[in-house]
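For the record, in the sequence shown the residue sitting at position 93 is 93 according to the working numbering, with numbers rising by one throughout.
Note that the Cβ used here is the ideal one computed from N, Cα and C, for glycine as well.
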Amino acid sequence: IHTYESLPYSHPNYEQVFAFAAEYGLPILAHTAGEELRQLESALLRFPQVCFILAHAGCLDPAAYAECAQHFPNVCLETCVSQCPRGLIEFFVNRGLSDRMLWGTDMPLICAGHQLGRVVFADISLEDKYRILYRNAHRILPFPLPAGR
Numbered sequence: 001i002h003t004y005e006s007l008p009y010s011h012p013n014y015e016q017v018f019a020f021a022a023e024y025g026l027p028i029l030a031h032t033a034g035e036e037l038r039q040l041e042s043a044l045l046r047f048p049q050v051c052f053i054l055a056h057a058g059c060l061d062p063a064a065y066a067e068c069a070q071h072f073p074n075v076c077l078e079t080c081v082s083q084c085p086r087g088l089i090e091f092f093v094n095r096g097l098s099d100r101m102l103w104g105t106d107m108p109l110i111c112a113g114h115q116l117g118r119v120v121f122a123d124i125s126l127e128d129k130y131r132i133l134y135r136n137a138h139r140i141l142p143f144p145l146p147a148g149r
């Protein structure tokens, strides 16, 4: 069995990345599982102006991701998970996190339609769906819209 090894997010080699994102107003997509959430906490505190997007939020421990997003205002939860446990979108929305969620997919590895359906058919308000599918991303990645949109 092959397992990957990586530097913990608390490693000094990440400092340059975090500082660059802070200077240029860029978000950071972080893959976190288990202890990696804890390792990221010091950067979340030291770089409050950086939006840290937690990829595959809730795939292992939804409560830990929700707690992290509730505690750190610079955390957003990305929705793409291959396991797709029923009710995960509602779990986060019911904890007041709809303005901190971003729709995502690992396309072509995971079908975009499948991931889209998890939000579109979730038992949440239409406004929450708009936030998750578009508005939050537009706030975090403020690309200009074409004229007339």
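Looking only at C-alpha atoms, which of ASP61, ASN74 and HIS56 sits nearest to PHE18? ASN74
Any idea what DSSP makes of ILE28, helix, strand or coil? Strand, per DSSP.
Burial state of PHE92, where buried means 16 or more other Cβ atoms lie within 10 Å: Burial call: buried.
Taking the beta carbon of GLU90 as the centre, do at least 16 other beta carbons fall within 10 Å, making it buried, or is it exposed? Counting of Cβ neighbours within 10 angstroms places GLU90 among the exposed residues, the total staying below 16.
According to the neighbour-count rule (16 or more other Cβ atoms, all chains shown, within 10 Å of its Cβ), is SER98 buried or exposed? buried
Bounding residues of the alpha helix (DSSP H) (the contiguous stretch that carries ALA64): Its alpha helix (DSSP H) spans residues 62–71.
Rounded separation between ALA22 and GLN49 - CA only: 6 Å
Out of ILE110, ALA57, ALA137 and TYR14, which has the shortest C-alpha to C-alpha gap to GLY34? ALA57
With DSSP collapsed to three states, give me the class of PHE121. coil
ALA64 and ARG95 - do their beta-carbons sit closer together than 8 Å? no
Best match in ILE140, ASP123, LEU77 and LEU26 for proximity to GLY104 [C-alpha to C-alpha]: LEU77
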